[in-house]
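Below: the structure, in structure tokens.
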Amino acid sequence: MNAPRLTLGPLLFHWSASRRRDFYFRIADEAPVDTVYVGEVVCSKREPMVEAVQDEVIARLRAAGKEVVLSTLALVTTPREVERIRERVDGELLLEANDVACIQLLGGRPHVVGPYVNVFNEGAREVVVGQGAVRIVLPIEMNITSLRVVAGTAGSTQIEYQVFGRQPLSVAMRCYHARANNLTKDHCQIICGVDPEGLVAETIDGLELLTVNGTQTLTRGNGVLLGELGLLREAGVTHFRLSPQELDMVAVAALYREVLDGRREVGEAVGALRAVAGEAPWINGFLHGRPGRQWVEPRA
Amino acid sequence: MTIRYMELVCPAGTPAALRTAVDGGADTVYCGFRDCTNARNYPGLNFDFDELCEGVAYAHARDCKVLVAINTFPRAGDEGPWHRAVDQAAAAGADAVILADLGVLAYATRAQPQLRRHLSVQASAANAPSIKFYQQQFGVRRVVLPRVLAVDEVAELIADTGIETEVFAFGSVGPMSEGRCFLSSYLTGLSPTSEGACAPASHVAYSEVGGRVLSRLGDVTLNSFARGEAAAYPTPCKGRYVTHGRSSYLFEEPIGLNAISILAELKGAGVTALKIEGRQRSRAYVAEVVATFRRALDALDRGDVVTPVGTLHGSTEGGRETRGAYEKGWR
Amino acid sequence: MHAQSPQPLALLRGAATVLPRPVLAALAAAIVRGLKKSHPKLLRNLAGLEPAVVHVVAFDLPYRFAITLGREPIALTVLARDATGADAEVAASVATLVDLLEGRIDSDTLFFRRDLRISGNTAVVVGLRNVLDREELSLAGELAALCGPLARPAQRLARRLEQLADGAGARLAAMHRTLHPPGADSQDLSAELERCHEEIAALTARLGALESRLKRRADKVA
Numbered sequence: 018m019n020a021p022r023l024t025l026g027p028l029l030f031h032w033s034a035s036r037r038r039d040f041y042f043r044i045a046d047e048a049p050v051d052t053v054y055v056g057e058v059v060c061s062k063r064e065p066m067v068e069a070v071q072d073e074v075i076a077r078l079r080a081a082g083k084e085v086v087l088s089t090l091a092l093v094t095t096p097r098e099v100e101r102i103r104e105r106v107d108g109e110l111l112l113e114a115n116d117v118a119c120i121q122l123l124g125g126r127p128h129v130v131g132p133y134v135n136v137f138n139e140g141a142r143e144v145v146v147g148q149g150a151v152r153i154v155l156p157i158e159m160n161i162t163s164l165r166v167v168a169g170t171a172g173s174t175q176i177e178y179q180v181f182g183r184q185p186l187s188v189a190m191r192c193y194h195a196r197a198n199n200l201t202k203d204h205c206q207i208i209c210g211v212d213p214e215g216l217v218a219e220t221i222d223g224l225e226l227l228t229v230n231g232t233q234t235l236t237r238g239n240g241v242l243l244g245e246l247g248l249l250r251e252a253g254v255t256h257f258r259l260s261p262q263e264l265d266m267v268a269v270a271a272l273y274r275e276v277l278d279g280r281r282e283v284g285e286a287v288g289a290l291r292a293v294a295g296e297a298p299w300i301n302g303f304l305h306g307r308p309g310r311q312w313v314e315p316r317a
Numbered sequence: 229m230t231i232r233y234m235e236l237v238c239p240a241g242t243p244a245a246l247r248t249a250v251d252g253g254a255d256t257v258y259c260g261f262r263d264c265t266n267a268r269n270y271p272g273l274n275f276d277f278d279e280l281c282e283g284v285a286y287a288h289a290r291d292c293k294v295l296v297a298i299n300t301f302p303r304a305g306d307e308g309p310w311h312r313a314v315d316q317a318a319a320a321g322a323d324a325v326i327l328a329d330l331g332v333l334a335y336a337t338r339a340q341p342q343l344r345r346h347l348s349v350q351a352s353a354a355n356a357p358s359i360k361f362y363q364q365q366f367g368v369r370r371v372v373l374p375r376v377l378a379v380d381e382v383a384e385l386i387a388d389t390g391i392e393t394e395v396f397a398f399g400s401v402g403p404m405s406e407g408r409c410f411l412s413s414y415l416t417g418l419s420p421t422s423e424g425a426c427a428p429a430s431h432v433a434y435s436e437v438g439g440r441v442l443s444r445l446g447d448v449t450l451n452s453f454a455r456g457e458a459a460a461y462p463t464p465c466k467g468r469y470v471t472h473g474r475s476s477y478l479f480e481e482p483i484g485l486n487a488i489s490i491l492a493e494l495k496g497a498g499v500t501a502l503k504i505e506g507r508q509r510s511r512a513y514v515a516e517v518v519a520t521f522r523r524a525l526d527a528l529d530r531g532d533v534v535t536p537v538g539t540l541h542g543s544t545e546g547g548r549e550t551r552g553a554y555e556k557g558w559r
Numbered sequence: 048m049h050a051q052s053p054q055p056l057a058l059l060r061g062a063a064t065v066l067p068r069p070v071l072a073a074l075a076a077a078i079v080r081g082l083k084k085s086h087p088k089l090l091r092n093l094a095g096l097e098p099a100v101v102h103v104v105a106f107d108l109p110y111r112f113a114i115t116l117g118r119e120p121i122a123l124t125v126l127a128r129d130a131t132g133a134d135a136e137v138a139a140s141v142a143t144l145v146d147l148l149e150g151r152i153d154s155d156t157l158f159f160r161r162d163l164r165i166s167g168n169t170a171v172v173v174g175l176r177n178v179l180d181r182e183e184l185s186l187a188g189e190l191a192a193l194c195g196p197l198a199r200p201a202q203r204l205a206r207r208l209e210q211l212a213d214g215a216g217a218r219l220a221a222m223h224r225t226l227h228p229p230g231a232d233s234q235d236l237s238a239e240l241e242r243c244h245e246e247i248a249a250l251t252a253r254l255g256a257l258e259s260r261l262k263r264r265a266d267k268v269a
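Chains as they are written, first to last, in this note's numbering: chain A, 18 to 317; chain B, 229 to 559; chain C, 48 to 269.
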């Protein structure tokens, strides 16, 4: 079994250019991750702000020895969005395809298939591998039973799964962040930028349930699969994704790294993670075949 | 591309609904098998193999086509039911299968190459390169377009790809990109993508509290209705949520899609077929909606004024209707 | 819409208000037996559902009905208005329930309008609705068919209704017709006429559909 790889998924929230730059510079300098995904996944209206610092971020990350993957939009509808992806397929960076459009535009070039493309089974995996996928980030809804099948028989194809951070539940044409602020998507004023961790939506009886992030909906809770890293490795997962949150991601990465490398006991790491992981409740239901919002105490 | 007439594609949740749709003037009906291979896997609904054979015979005798939706995503290690469904649809003489999963598409292309393949809305193909991918890899002949596009975007896609398109004319307004929404499994643990039911009835509960009806999915309260207030389906995207201390229909109101007032525009855009949603609805709904759209389409063919809006008001979700994403302001 | 079903509607409401519970219970059991002959697939499908007891509550009746699903034989029993113990409950007016049973109205539409109330295990109700919707049922037809095995209670019901429902002459006559053996119907001029009307309407609709289909085909060829 090759050494497990730790990755930092694309930043899903809309942070200001300076904050974004500072975040990635620190990751480059301090975080023990092997791979960093950059680029906008949620909304093409954010792209100009994202790209303002992208080149320096990429240069800094590569100088630090990180593999850099450029993530692309999860929902592509306009010709302009298509063109933006087309411009990138011939670049130096590996692309993460989050819509079948990107796979088509890549025309067989090696790439990563992101979690927004439905690869739920062996048959779908074979199709994307045939198109040049070298790594597949499995959808977060996938449970351990299915994951074992898809990852366990993947051969040389790398398998990635998100093990930390709010979990993506849906993407839409409509911008709920705008709606929640009495705006429309076409005149949104990029209002999603005011909530660096998204906007929490509660049920009418006061249960914090969802996180609105522009056109994307995420879980309210933080997906924490620290206790399941061994299980996932055995199942055939090669790459372990941390999704950036507004907390000390360097510390989070260090904890996951230590557990993956067998340098720290899970129980102890869990305690340490509690101290840095903020107030959001922890969830891991999807992997255990339970409602995604639930927390199942992982077996030691 | 000039389309001379638009095909009316109607839902058939049961054999009785299929006959109702055929008799009511459907050009095409679509249905699914009684299992998790289709996205309307509700108790008591759908067709077994013999019923499908009878349905195909009934429809074909009346010059009507039958499509079979096999539009969920197989569970890993258990692709058999999906492959069998493709084979059975072919054996029953279905005119096409409506598929979403890359693996099932590959299987159908390989195992039943003569069987026409349509791309389900569950595949969420909302742009030209995606559509071309499915055309080139799997010979897909028709794509059911996601409910996220405006009419001019639909026209552009058709011009770019030359593919047959089927668009939703009546039914739900799906605010999320379909086939990749995990909200329902987030609450219930059952996946619409692989089990075929969003907000499965087994996890829905209604209760009366202080004169209001509370709807719950899993252990989560979705909504509370006053007496006489219109209700929507108990799906997470139609729930009421509180943001900034204010409760609202954050994702979508209790409202249904009705495109009857823009049939001419859709025809002008080059749309091949109009889809009526509702395999989960009773045949009384099928009869009413099919008849109304049949009249409207016939009037359109004759160049007459199309039936005024509002005739189907009672049948729409929440009893209200919208043209959804077809109009730009919806976003 | 309701105007289309005066007979079974009045019958049901009449029967349930007028008849003693044991007679009504016998009638309910007989309906199930009748359905076994007329709609064997329906009974099989009901037996194939998840085992459950569904209570059907009509707002305007003094009783409630209990349907036992997911076993053989399916049971339809009559309970006191305030009985409990159901896995799920469906409540609406008699008119609505009959329209639902006979497939004249869409339950989701009723639900959106809040004319139909559902509580308890929703999956059971959805299953029952879907299985019923697979069949073309006529309550009047089922009652008429009963007149063989249950001639006496049915006639008694008709007599009691006649005595009680004064002023509703036309409707009662219609009910009476329904309750008499099917053979008697053919001699009834108004029934015959009604059938002719229906047949003509159905033929006209099919002719219209054929015409438009032919026209579209011609367009396609052109």
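The beta-carbon is built from N, C-alpha and C at its ideal position, and this holds for glycine as well.
I'd like to know whether the C-beta of residue i is nearer than 8 Å to at least one C-beta of chain B.
{"i": "R80 (chain C)", "result": "no"}
{"i": "P308 (chain A)", "result": "yes"}
{"i": "F137 (chain A)", "result": "yes"}
{"i": "E314 (chain A)", "result": "no"}
{"i": "V125 (chain C)", "result": "no"}
{"i": "S35 (chain A)", "result": "no"}
{"i": "V100 (chain C)", "result": "no"}
{"i": "T115 (chain C)", "result": "no"}
{"i": "M66 (chain A)", "result": "no"}
{"i": "D107 (chain C)", "result": "no"}
{"i": "Y193 (chain A)", "result": "yes"}
{"i": "E219 (chain A)", "result": "yes"}
{"i": "R196 (chain A)", "result": "yes"}
{"i": "G188 (chain C)", "result": "no"}
If you draw a straight line from the alpha carbon of residue i to that of residue j, how long is it in whole angstroms?
{"i": "A127 (chain C)", "j": "A133 (chain C)", "result": "13 Å"}
{"i": "P428 (chain B)", "j": "C60 (chain A)", "result": "31 Å"}
{"i": "D526 (chain B)", "j": "A397 (chain B)", "result": "15 Å"}
{"i": "Q311 (chain A)", "j": "A135 (chain C)", "result": "27 Å"}
{"i": "F137 (chain A)", "j": "F257 (chain A)", "result": "18 Å"}
{"i": "E555 (chain B)", "j": "D46 (chain A)", "result": "48 Å"}
{"i": "S543 (chain B)", "j": "T52 (chain A)", "result": "52 Å"}
{"i": "P65 (chain A)", "j": "E73 (chain A)", "result": "14 Å"}
How would you call residue i, buried or exposed, if buried means at least 16 neighbouring beta carbons within 10 angstroms?
{"i": "E423 (chain B)", "result": "buried"}
{"i": "T236 (chain A)", "result": "buried"}
{"i": "Q206 (chain A)", "result": "exposed"}
{"i": "G295 (chain A)", "result": "exposed"}
{"i": "H102 (chain C)", "result": "buried"}
{"i": "G147 (chain A)", "result": "exposed"}
{"i": "E149 (chain C)", "result": "buried"}
{"i": "H128 (chain A)", "result": "buried"}
Determine, for residue i, whether the minimum Cβ-Cβ distance to residues of chain C falls below 8 Å.
{"i": "G283 (chain B)", "result": "no"}
{"i": "T265 (chain B)", "result": "no"}
For chain A, is any of its Cβ atoms less than 8 Å away from the one on residue i?
{"i": "F410 (chain B)", "result": "yes"}
{"i": "G424 (chain B)", "result": "no"}
Taking contact to mean 3 or more Cβ pairs, one atom from each stretch, closer than 8 Å, check whether the segment 506-524 of chain B and the segment 242-261 of chain B are in contact. yes
Check each residue of the segment 392-403 of chain B: if its Cβ is closer than 8 Å to any Cβ of chain A, include it; give the result in chain order. For the segment 392-403 of chain B, which is checked against every Cβ of chain A, the residues closer than 8 Å are P403.
Of the residues that make up the segment 139-161 of chain C, which ones have a beta carbon closer than 7 Å to any beta carbon in chain B? For chain B, the residues of the segment 139-161 of chain C that bring a beta carbon within less than 7 Å of one of its beta carbons are G150, R151, I152, D153, S154, D155, T156, F158, F159, R160 and R161, in chain order.
At a Cβ cut of 9 Å, what residues of the segment 451-466 of chain B count as close to chain C, listed as they run along the chain? F453, R455, G456, E457, A458, A459, A460, Y461 and P462
Would you call the segment 195-211 of chain A in contact with the segment 275-289 of chain A, where contact means no fewer than 3 C-beta pairs closer than 8 Å? no
For the 8 Å Cβ check, are there 3 or more pairs between the segment 389-408 of chain B and the segment 206-220 of chain A? no
Closer than 7 Å, Cβ to Cβ, to anything on chain A: give me those residues from the segment 351-363 of chain B, in chain order. A353, A354, N355, A356, P357, S358, K360 and F361
According to a CB-to-CB cut-off of less than 8 Å, which residues of the segment 234-245 of chain B neighbour chain C? G241, T242, P243, A244 and A245
Below 8 Å, how does it come out for the segment 89-96 of chain C and the segment 169-181 of chain C: are there three or more Cβ pairs, yes or no? yes
Does the segment 20-39 of chain A come close enough to the segment 259-273 of chain A that 3 or more CB-CB pairs lie under 8 Å? yes
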